[in-house]
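Everything below concerns the one structure shown next.
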Amino acid sequence: MTYAELHAHTNFSLLDGSSSPEAMVEEASRIGLRALAITDHDTLSGIVRFGAAAETAGLQAITGIELTIGNGPYSPTQPGQGVEAISATEWGRSTAPVGDTDQGTSHLTLLAETLTGYRNLCTLLTEAYQCGGRDTPWVPFETLAKHATGLIALSGCPQGELGQTLARHGPEAGMMVAARYREAFGKENYFIELHRHGLPGDGARNAGLQEVATRLGLGCVATQNAHYHDASRAQLHHVVTCIRHGTTLADAGAHLRANDEYRLKSGAEMARLFRDECTRAGSDPRRDPVRTTLAIAERCTFTLHDLVYEFPKPRLPNGESALSFLTRLVEAGKTVFYPDATAEVDARLRHELEIADQLGLSGYLLVFKEIVDWSQSQGILVSMRGSAPASAMLYCMGLCPIDPLEHNLLFERFCSPERREYPDIDLDFPHERR
-12 MTYAELHAHT NFSLLDGSSS PEAMVEEASR IGLRALAITD HDTLSGIVRF
38 GAAAETAGLQ AITGIELTIG NGPYSPTQPG QGVEAISATE WGRSTAPVGD
88 TDQGTSHLTL LAETLTGYRN LCTLLTEAYQ CGGRDTPWVP FETLAKHATG
138 LIALSGCPQG ELGQTLARHG PEAGMMVAAR YREAFGKENY FIELHRHGLP
188 GDGARNAGLQ EVATRLGLGC VATQNAHYHD ASRAQLHHVV TCIRHGTTLA
238 DAGAHLRAND EYRLKSGAEM ARLFRDECTR AGSDPRRDPV RTTLAIAERC
288 TFTLHDLVYE FPKPRLPNGE SALSFLTRLV EAGKTVFYPD ATAEVDARLR
338 HELEIADQLG LSGYLLVFKE IVDWSQSQGI LVSMRGSAPA SAMLYCMGLC
388 PIDPLEHNLL FERFCSPERR EYPDIDLDFP HERR
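Position 412 of the sequence shown, counted from 1, bears residue number 399 in the working numbering, the numbering being contiguous throughout.
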């Protein structure tokens, strides 16, 4: 049985995760996971190291976070009834993960399906730190709903809003919570998250969650909420938990997780753990919590390679490309700055324009001309320094006062195809006009 882990933490979940991104990737590859999502608490800080390690290992890396949400307006007056209305301790709340669930916040697992989704993750994190501050970031549900495009949401651990509500108030209240998230993300993008960590009440909790999913037409997904790569790191997790709570191992009590099961597990292990949940799913693949992980992983196509910086686009005359307009400006400037142009000048300008075309720099250079022209029109002094004066193109465009041919300046000092990066152009302005 193959499996993709969609909820895992690294040591970038500060004082909570106890394994590095590299260790998580190495273990995921060793046990044969199809994909791995890193969902650190309210941060994307570890995704570059995670992505690099996963690419080296040939493992699909899924970018995500576990976001802290300000709970919604639902305030039930009657406790839940029936088999699902079990105690908070039975629901695993004694494990006390990060987050003060008694202060109106909860956790939600978010995965970037597309580049738009990644951008929305970044926006949500910015909003969270503006709203709650550095130490307690959180976003209101309304903000979350505005930035749901391109994201796949999992209902979260027992400290998720759905988990808390079911534990405290029963399935009818849980239905209202899940329906609100379904409306925000769409039926195909919101999944009910199931866990099994060998705790009392795991089975009853999952049965209640599956009932909610069935009644609302939602899929279920099994995750490990892994906080370390293997059981050997569980003790370190206890230590960082004590640091977080300012206590000792002897006095930590319920702050510590009950066992060492919060590790990465293979597909075969997950299939055994979730045997009852898979049986309840019947023939519906969307209800099968293990198989659903693979379907979600297949949908998550975003990678860090999608993050290509796009420079501002220059204003172009109708019918002109950036290269044709740049060439026309350079030719016009040549008549001013090189009125008796020699073959050497023509060859130098032709060479520079060819490299600008090869590297896609035409628009980039035109934007700098717009900046300089506008500054001069506003009476703002501006000068260009660094290696840019080595360009005869920029000299002909009136951007540099130095003739690079007269001073024998090498163009490749400014720009070379061998460097595979945009040339650095430094503009200086008076500090009082910046």
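Cβ atoms here follow ideal geometry from the backbone N, Cα and C, with glycine treated the same way. All figures in this text were calculated on a predicted structure; none of them were measured in a lab.
- Between the region 270 to 277 and the region 235 to 242, the count of C-beta pairs closer than 8 Å stays below three; the two stretches do not touch.
- Note on geometry: alpha-carbon atoms of T210 and C402 lie some 49 Å from one another.
- Going by C-alpha positions, L392 is about 57 Å away from S6.
- In chain order, C383, M384, G385 place their CB closer than 7 Å to the CB of G320, counting only its own chain and leaving out the 5 sequence neighbours on each side.
- Between the alpha carbons of P376 and E419 lies a gap of roughly 25 Å.
- In the structure shown, the three-state DSSP call for P127 is strand.
- Under a 10 Å Cβ-count criterion, T266 is classified as exposed, with fewer than 16 other Cβ atoms of the shown protein chains found around its own Cβ.
- At the C-beta level, L95 and L54 come within 8 Å of one another.
- The count of Cβ pairs closer than 8 Å, one atom from the region 183 to 193 and one from the region 218 to 226, stays below three, leaving the stretches out of contact.
- The C-beta distance from L(-7) to L149 rounds to 16 Å, too long to fall under 8 Å, and the pair is not in contact.
- The alpha carbon of R121 has as its nearest neighbour, out of H182, T101, L112, F398, the alpha carbon of L112.
- Taking a 10 Å sphere around the C-beta of H394, we find fewer than 16 other C-beta atoms and assign the residue as exposed.
- According to DSSP, A209 shares a beta bridge with L181.
- Scanning A166, H216, L196, L414 for the CA closest to the CA of A154 turns up L196.
- The criterion of a C-beta distance shorter than 8 Å is satisfied by G57 and W125.
- Scanning the region 86 to 172 from its first residue to its last, the whole alpha helix (DSSP H) runs of 4-plus residues come out as 102 to 119, 128 to 133, 148 to 156, 158 to 172.
- Annotated three-state conformation of I358 is helix, per DSSP.
- Cβ-Cβ distances below 7 Å link L131 to I56, L111, A171 in the same chain, with the five nearest sequence neighbours on each side left out; the list follows chain order.
- Around V317, the same chain offers L336, L340, M380, C383, M384 as residues with beta carbons nearer than 7 Å, after the five sequence neighbours per side are excluded.
- Here D413 carries a strand assignment [DSSP, helix/strand/coil].
- Residue state for L196 is assigned as helix, using DSSP reduced to three classes.
- Cβ neighbours of V354 within its own chain (closer than 6 Å, five residues either side excluded): P299, P301.
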